[in-house]
Every structure is written in structure tokens, then in C-alpha cells.
Amino acid sequence: LPLEERLRRRIIEGERNGLEADLEEALTERPALEIVNETLLAGMKTVGELFGSGQMQLPFVLQSAEVMKTAVAHLEPHMEKTDEDGKGTIVLATVRGDVHDIGKNLVDIILSNNGYNVVNLGIKQPVNAILEAAAEHRADVIGMSGLLVKSTVIMKENLEELNARGMAADYPVILGGAALTRAYVEQDLHEIYDGEVRYARDAFEGLRLMDALIG
Ligand code: B1M
2 LPLEERLRRR IIEGERNGLE ADLEEALTER PALEIVNETL LAGMKTVGEL
52 FGSGQMQLPF VLQSAEVMKT AVAHLEPHME KTDEDGKGTI VLATVRGDVH
102 DIGKNLVDII LSNNGYNVVN LGIKQPVNAI LEAAAEHRAD VIGMSGLLVK
152 STVIMKENLE ELNARGMAAD YPVILGGAAL TRAYVEQDLH EIYDGEVRYA
202 RDAFEGLRLM DALIG
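Residue 216 is where the sequence shown ends in this note's numbering, and the numbering goes up by one at each step.
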């Protein structure tokens, strides 16, 4: 199989053996981020489709996620970094009840590599923990990730909590994750939130938004 197809299949099949060697070979041909975006994410997309249509069981999805994480960790040192530093702070979390963190962690990598200070709280974060961390770290922005449909509701509740505490004006919010739509965030949530709320389709849009909001 051609290298790219081999890598994609490693993600789909959750096959770790030989992963590093393939990644090293890919690095001689393409930049690390391109490998993530064009090859590895395509593999995860297929995993989602297979799982969604009942052709793949959850333990195998987990294995694919582990291979994905290993691959990203291997590629991370090869990613471009700017010399800029201290451009601002974002508190980043996967919302309450949601364990999906591959996308959030990619956002962390992209923002960190581009001069932002990222306080990554992890998964299943209740709103209290997010707001406390934002205050403690004097965050410029709050970033919330979630992939489940129910997470989109929780994000709305979290924004309402920021409103209720009078914190909305202080914290622009960036939301991302596969279950969201631009319209839901930029129309529905925009209407209820007393501060700025923006949608990031991917990690790069997250970076552009950070630059626009506080750059
Ligand atoms: Co889950 N899962 N999962 N899963 N899983 C989805 C999300 C699902 C769509 C699969 C499907 O049915 N086709 C479905 C959700 C359905 C729904 O809600 N309507 C689903 C389900 C149902 C579940 C469980 C409920 C299954 C079960 O237990 N029966 C369970 C939920 C557990 C829970 O959260 N409480 C579950 C569990 C898991 C695993 C643990 C096995 C594993 C996660 C491992 C991990 O993350 N550590 C997993 C995986 C891997 C997936 C799929 C297959 C892949 C997700 C992924 O990592 N994609 C997923 C299918 C899909 O998304 N279509 C699926 C790659 C990642 C890079 O993309 O996170 O979207 P993503 O991030 C993107 C953008 O969205 C954006 O940038 C990234 C790219 O640059 N982005 C941001 C994300 N966050 C951002 C934040 C930002 C900015 C941009 O700023 C703040």
C-alpha cells in the first residue's frame, strides 16, 4: 500500500506496530501538520462513519483513538513553532459529560505553537472548574470543546452561567466540536450570550479567532 493509505489504515484498524516508522517516512515528504490534517484525520473520520453505521464496536474506536494520540504525540515535536510568546491565555476544556479530547488537544498544540498560553483542563469539566480556572489564570478567552449532541446543550448552559455571574463581558468564548454548527453558535448562542461567542470549525480557525479576539 502507498504510505498515505497505510497510515490512514493504521488509524482505522488501531494498528500501532510500525506506526513510528511510517510517520518518520511521511515526515521526509510532508510537514507534520499536513500529515495530521490530511491523512490521520481522514482515518478518524472513517472510524466515526463505521461506528455510526454500526460496523465498528466501541473498543475498536478506542484503539483507533489511542493510535491517533500516539501519532500526534510523535509528530508534535516536528511541528512549526513561532518565536512569539505570551500572546494571551486561553482556558481550554472538554465540557461536562464528554470524554472526547483529540480535537481539543490539537487545538492546544496549535495555539501553544503559535505563542498562546494554553491552560488545558482536560475532559468532563464542570462549568465551575472552567470559570475558576479562567479567573485564576486571568484568561483572555475561554475555549470549550464537545463532540456529543448533549454537549451543545451544556455549552449553552455554561454561557448562561457566565451571564448569571456577570462574567460574560470579560470572557469571549470559542466553541468547537463535531456536533456544533456555525449557525447554532453564531446565531442561537450569540443571541443568548452577553459577551462574544464564536465558532471554530477546526484548530486553525481557533487560532485565527484568538488572533482576532485578543491579537
Ligand atoms: Co465517540 N462519538 N463516543 N468516542 N467518537 C462520536 C463523537 C460520534 C459522532 C460517533 C458516531 O456516532 N458516529 C458519537 C456522537 C453522537 C452524538 O452525540 N450525536 C459518539 C458517541 C455516541 C460516543 C459514546 C456515547 C459511545 C458509547 O459509549 N456508546 C461515547 C461517549 C462518552 C462520553 O463522552 N461520555 C464515546 C466514546 C468515544 C471514545 C472514548 C471511544 C473515543 C474518544 C477518545 C478520545 O477522544 N480520547 C471516541 C471517538 C474517537 C469518536 C469519533 C469516532 C472521533 C472523534 C475524534 O477524535 N475526531 C467521533 C466521530 C466524529 O467525530 N464524527 C465520535 C478527530 C478530532 C480531531 O476531531 O474532535 O471534531 P474533533 O475536533 C476537530 C474540530 O471539531 C475542532 O478542531 C478539531 C480539528 O482541527 N475542534 C475545536 C474541536 N474542539 C474544538 C475546540 C475549539 C476549536 C476547535 O476551541 C475551543
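Think of the CB as a built atom: it goes at the ideal place given N, C-alpha and C, for glycine as much as any other residue.
State the DSSP-derived secondary structure class of residue i, mapped to helix, strand or coil.
{"i": "A201", "result": "coil"}
{"i": "T40", "result": "helix"}
{"i": "T1", "result": "One cannot answer for residue 1 here, as it falls past the ends of the chain, which runs 2 to 216."}
{"i": "L93", "result": "strand"}
{"i": "Y194", "result": "coil"}
{"i": "L4", "result": "helix"}
{"i": "R10", "result": "helix"}
{"i": "K82", "result": "coil"}
{"i": "D99", "result": "coil"}
{"i": "M57", "result": "coil"}
{"i": "T71", "result": "helix"}
{"i": "E206", "result": "helix"}
{"i": "G49", "result": "helix"}
{"i": "G17", "result": "What sits at residue 17 in the sequence shown is Arg, not Gly. Residue state, collapsed to three classes: coil."}
Quick one: residues in its chain with C-beta nearer than 7 Å to the C-beta of residue i, no 5 flanking neighbours on either side, listed in chain order?
{"i": "N164", "result": "Y194, D195"}
{"i": "A33", "result": "L76, H79, M80"}
{"i": "F205", "result": "I111"}
{"i": "A170", "result": "D195, G196"}
{"i": "Y185", "result": "T153"}
{"i": "L208", "result": "I111, L112, N115"}
{"i": "R17", "result": "V68, T71"}
{"i": "L20", "result": "R11, V68, T71, A72"}
Could you pull out every residue in the same chain whose Cβ sits closer than 8 Å to the Cβ of residue i, ignoring the five residues on either side in sequence?
{"i": "L190", "result": "M156, K157, L160, L176, V198"}
{"i": "D109", "result": "L93, V119, N121"}
{"i": "R139", "result": "T90"}
{"i": "A130", "result": "A94, L122"}
{"i": "N133", "result": "Correcting the residue type first, residue 133 is Glu in the shown sequence and not Asn. Excluding residues within five positions, none has a Cβ falling inside 8 Å."}
{"i": "E162", "result": "V128, L132"}
Tell me which same chain residues have a C-beta within less than 6 Å of the C-beta of residue i, skipping the five on either side of it?
{"i": "R183", "result": "Y200"}
{"i": "I143", "result": "V92, A135, Y172, V174"}
{"i": "K82", "result": "N114"}
{"i": "L8", "result": "D23, T40"}
Answer yes or no: the CB of residue i versus the heavy atoms of the ligand NAP, is any distance below 8 Å?
{"i": "K151", "result": "You won't find the ligand NAP in this model; what it holds is the ligand B1M."}
How many whole angstroms separate the CB atoms of residue i and residue j, which I take to be in contact at a CB cut-off of 8 Å?
{"i": "Q56", "j": "G15", "result": "The pair is not a contact, with the Cβ atoms about 14 Å apart (cut-off 8 Å)."}
{"i": "I13", "j": "V48", "result": "6 Å"}
{"i": "M168", "j": "G89", "result": "In fact, because the Cβ distance is near 17 Å, the residues do not count as touching under 8 Å."}
{"i": "K125", "j": "D84", "result": "About 35 Å separates the two Cβ atoms, so there is no contact after all."}
{"i": "L4", "j": "A27", "result": "6 Å"}
{"i": "I103", "j": "A66", "result": "6 Å"}
Quick one: complete beta strand (DSSP E) runs, 3+ long, within the segment 101-180? Taking 3 residues as the shortest admissible run, the segment 101-180 contains the following complete beta strand (DSSP E) segments, listed from N- to C-terminal end: 118-126, 142-146, 174-177.
Taking contact to mean at least 3 C-beta pairs separated by less than 8 Å, is the segment 139-156 in contact with the segment 60-70? no
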